[in-house]
Amino acid sequence: MLQSFGVEQRTEEVYRAMLQLPRAGVEELAAHLGLADADIRTELDHLAGLTLVEPGDERLQHYLALPPDQAVEVLIAREEERLLARQREVDATRTSIGELVDSFVASRRKVGDDGLVEQLDGFRVVRSRLYQLTSAATRHAASMVPGEAFSQRATEASLRLDTSLLQRGISLRTIVSEVSLATPHWDAYLRRTVALGAQVRAHPAPPMLAVVIDNSSAVIPQGLDLTAGAMVVHGAALTAPVAALFDEVWHASTPLAAEPGELPGDPHLSEARIRQVVSLLAQGQKDEAIARRMGVSVRTVRRLVSEAVEALHAQSRFQAGVLAAHRGWVPGPGHPDVPVG
């Protein structure tokens, strides 16, 4: 039992023997446990260092064992003190890491003369800059994530930061694609953040990757994703359009519950996903083009096309587009559901 507090097994055995034989001296304890007198004295020193024994009759080399309830409280207090010291070390390390991140980013970003626009080259720099911006958030952080799920390693790191932000009272809102919820670890991660207090919504096809911090800074990729780098804009005037787009997509998205429920098998969401695919099919788009538009893999597109054909009871992709048009699923030019190239 006491080994969970770092007490060695033999040390605990001596302590237990002292509870059973409260008047036993060194020789009697040694005989009872089959140990040498020197071994007993060593273990008594360990117990004294843990303050689990008190001196008794020195002439008889006698010690008194601290009652178990008091002993456990002593060990708990000692462990709490150790954990607190360790937490201070971790906090100090986190501060040092922040300084290292600052140095790393500063040497790898280009900032305009007015300080309102930054250019970040490469995913690693973008990721570090996002860490800086979100860690410095004072009110809220919003992110729109198109395409497929993040890796499990990335979500584990994100959950630590999300938890820290939510504990500080920062409001977190996230928009993800509906198709990404088919990935178990991603779905579980998102629902965990909801349980912690974040808000997550799913959209058939979020138009772009974007992060908005406190409505005063926004991160926008230079390409379809962050691989090539990103732009960071500061100030209300430059951030407002990104924040407005986020809000528009947010209101058109479906909330995600903390526990698995309707998503991703909700028929309304499935229909919305099918409409998105057949809209692109009706435009004559190939799988590769649809994948780029929706921000997913070609394999995912083919699966969605198959679902669309099945849901419409069609015999082919072409017939699925025709049937969807007859049902009014395919919007006309300029409709907001039609992705703009």
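Counting with my numbering, you get residues 156 to 496 for the letters of the sequence shown.
We put the beta carbon where it would ideally sit given N, CA and C, even for glycine.
Residues in its own chain within less than 7 angstroms of residue i by CB, not counting five upstream and five downstream?
i	result
Ala437	Gly476, Ala479, Ala480, Val485
Asp380	Leu364
Gly352	Leu321
Glu234	Phe160
Val181	Asp192, Ile195, Arg196, Gln216
Within its chain, find whatever has a CB closer than 6 angstroms to the CB of residue i; leave out the 5 residues flanking it on each side and keep chain order.
i	result
Leu184	Ala172, Ile195
Val456	Asp442, Ile445, Ala446
Thr166	Glu198, His201
His389	Leu271, Ser372
Ala137	An answer regarding residue 137 cannot be provided, because it is not within the stretch 156 to 496 covered by the chain.
Taking the straight line between their C-alpha atoms, what separation do you get for residue i and residue j?
i	j	result
Gly324	Gly378	32 angstroms
Ser288	Arg294	Residue identity check: residue 288 is Leu in the sequence provided, not Ser. Between Leu288 and Arg294, the C-alpha separation is close to 12 angstroms.
Leu467	Thr348	35 angstroms
Asp402	Pro361	12 angstroms
Gly277	Val460	33 angstroms
Asp257	Arg263	10 angstroms
Gly204	Ala232	14 angstroms
Leu219	Arg237	26 angstroms
Ala337	Asp369	30 angstroms
Ala210	Ala292	Strictly speaking, residue 210 in this sequence is Pro, with Ala absent from that position. Each residue's Cα considered, the two are about 56 angstroms apart.
Ala357	Ala240	42 angstroms
Val432	Ala463	7 angstroms
Thr394	Ser335	27 angstroms
Ala412	Leu176	58 angstroms
On the criterion of 16 or more Cβ atoms from any shown chain inside 10 Å, does residue i qualify as buried, or is it exposed?
i	result
Leu174	exposed
Thr329	buried
Met299	buried
Glu333	buried
Leu230	buried
Gln470	exposed
Thr248	exposed
Leu157	buried
Do you know whose CA, among the options, lies nearest residue i's CA?
i	options	result
Ser434	Met386, Gln474, Phe401, Ala312	Gln474
Leu188	Gln164, Ser335, Met156	Gln164
Ala350	Gln440, Leu327, Ala292, Glu182	Leu327
Tyr286	Ser319, Leu230, Asp269, Glu234	Ser319
Glu168	Glu273, Ala407, Leu190	Leu190
Ala385	Trp405, Pro376, Ala309, Ala392	Pro376
Thr409	Glu254, Pro359, Ala398	Pro359
Thr382	Val281, Leu157, Lys265, Ala179	Val281
Pro301	Arg472, Asp268, Pro223, Ser452	Ser452
Using C-beta distances below 8 angstroms, list every residue in its chain close to residue i, excluding the 5 sequence neighbours before and after it, in chain order.
i	result
Val366	Leu285, Leu288, Thr289, Ala296, Ala297, Ser298, Met299, Ala373, Val374
His340	Ala304, Gln307, Thr310
Ala392	none
Leu316	Tyr286, Thr289, Ser290
According to DSSP, which residues form a beta bridge with residue i?
i	result
Pro376	Ala385
Tyr218	Pro210
His358	Ser332
Pro410	Arg356
Leu275	Arg264, Ala385
Of all Cβ atoms in chain C, is any one closer than 8 angstroms to the Cβ of residue i?
i	result
Ala350	Reference to chain C is not applicable here, since this structure consists of a single protein chain.
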